[in-house]
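Chemist: Once you've had a glance at the structure underneath, I'll fire off some questions.
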Amino acid sequence: MKRLLFLCCLLCLLLCALPLYAETQPSPQLLDTLEKNAGSVRTLSSDFVQEKHLSMFKNPMTSKGRLYFSKPDQLRWELTAPVASGFVLKGDRGRRWHERTGRTESFQISQEPIMKLVSEQLFAWARSDFAWIKKEYRVTVLQESPALLRLEPRSAATAGFLHHLLIGFSADGRYVKSVELHEKDGDFTRIRFLNTAVNKALPADIF
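Numbering-wise, the sequence shown is residues -22 to -1, 1 to 185 according to mature numbering (1 follows the signal peptide of the UniProt record, and there is no 0).
Here is the structure:
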């Protein structure tokens, strides 16, 4: 469950079968441009479709949901199908729920190691914080426009199960449009973000 939560939340955050690209070291200009473009994003909302491809199953396990983000530190990640569940992060506090248990519980992010890791990942991608990203991953460029990056974890703990990430950006570079998380055993998770809206007013009670 903890590993699945971590995989589901690595933000940021959709790629179909990829053609072969020449890998190059990311130019400072590309990362600077992505970070600058993301800096103009105050709020973001998006639908997403998540596919879990497991070698033991012929067909992928599919779920759908919705993502909301508001600077500097508010985020809501919720699955709407097949089972409703999710969490909200707001400052140093969080709240999570699950339809099957019918329970909602609050927590302190600092006291929840897994949620602390999740929040770091999500906010780093939502803000395009490449100083943090380059510290945690080895970054190579598969495509410059629209930007497509391959990330390999530097942390031994993360590298124990995660082989690499593929991160695709929108055409204007303002937000992450796609994520693929490839595990050591060959399984992978694909997340596609759809109907993304940038800098639109969000409901006051969404967080």
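Ideal placement from N, C-alpha and C gives every residue a C-beta, glycine not left out.
As the structure is a computational prediction, the values presented were derived from the model and not from experiment.
1) Quick check on the burial criterion: 16 or more other C-beta atoms within 10 angstroms. Buried or exposed for VAL61?
2) Among SER106, LEU180, SER133, which residue has its Cα nearest to the Cα of TYR115?
3) Counting pairs of Cβ atoms below 8 Å between the region 139 to 146 and the region 39 to 58, do you hit three or more?
4) State the start and end residues of the unbroken beta strand (DSSP E) segment that holds MET39.
5) Please name the residue in LEU12, LEU8, GLN7 whose C-alpha comes closest to that of ALA102.
6) Do you know offhand how far MET34's Cα is from ASP163's?
7) Kindly provide the ranges of any beta strand (DSSP E) runs that are 3 or more residues long and lie completely inside the region 57 to 106, ordered along the chain.
8) Give every residue of the same chain whose Cβ lies closer than 6 Å to the Cβ of GLN28, excluding the five residues on either side of it in the sequence, and list them in chain order.
9) If we ignore side chains and look at the alpha-carbon of each, how far apart do SER63 and PHE85 end up?
10) Cutting at 7 Å between CB atoms, please list the residues of its own chain near LYS178, excluding the five before and the five after it.
11) With which residues is GLU114 paired in a DSSP beta bridge?
12) Could you tell me which residues DSSP pairs with ASP25 in its beta bridges?
13) May I have the straight-line CA-CA distance separating PHE171 from GLU98, to the nearest angstrom?
Modeler: Per the coordinate set shown:
1) By the neighbour-count definition (other C-beta atoms within 10 Å, threshold 16), VAL61 is an exposed residue.
2) Selected option, being the one with the closest Cα: SER133.
3) Under the Cβ criterion (8 Å, minimum of three pairs), the region 139 to 146 does not count as touching the region 39 to 58.
4) Secondary structure note for MET39: its beta strand (DSSP E) is the uninterrupted segment 39 to 48.
5) The option with the nearest alpha carbon to ALA102 is LEU12.
6) MET34 and ASP163 have their C-alpha atoms spaced approximately 11 Å apart.
7) Fully enclosed beta strand (DSSP E) runs of 3 or longer: 63 to 68, 71 to 76, 81 to 86.
8) So the qualifying residues of the chain are SER41, ILE169.
9) CA-to-CA, the gap between SER63 and PHE85 works out to about 16 Å.
10) The answer, listed in chain order, is THR21, SER23.
11) GLU114 has no beta-bridge partner at all, per DSSP.
12) Paired residue(s): ARG44, LEU172.
13) The alpha-carbon separation between PHE171 and GLU98 amounts to approximately 20 Å.
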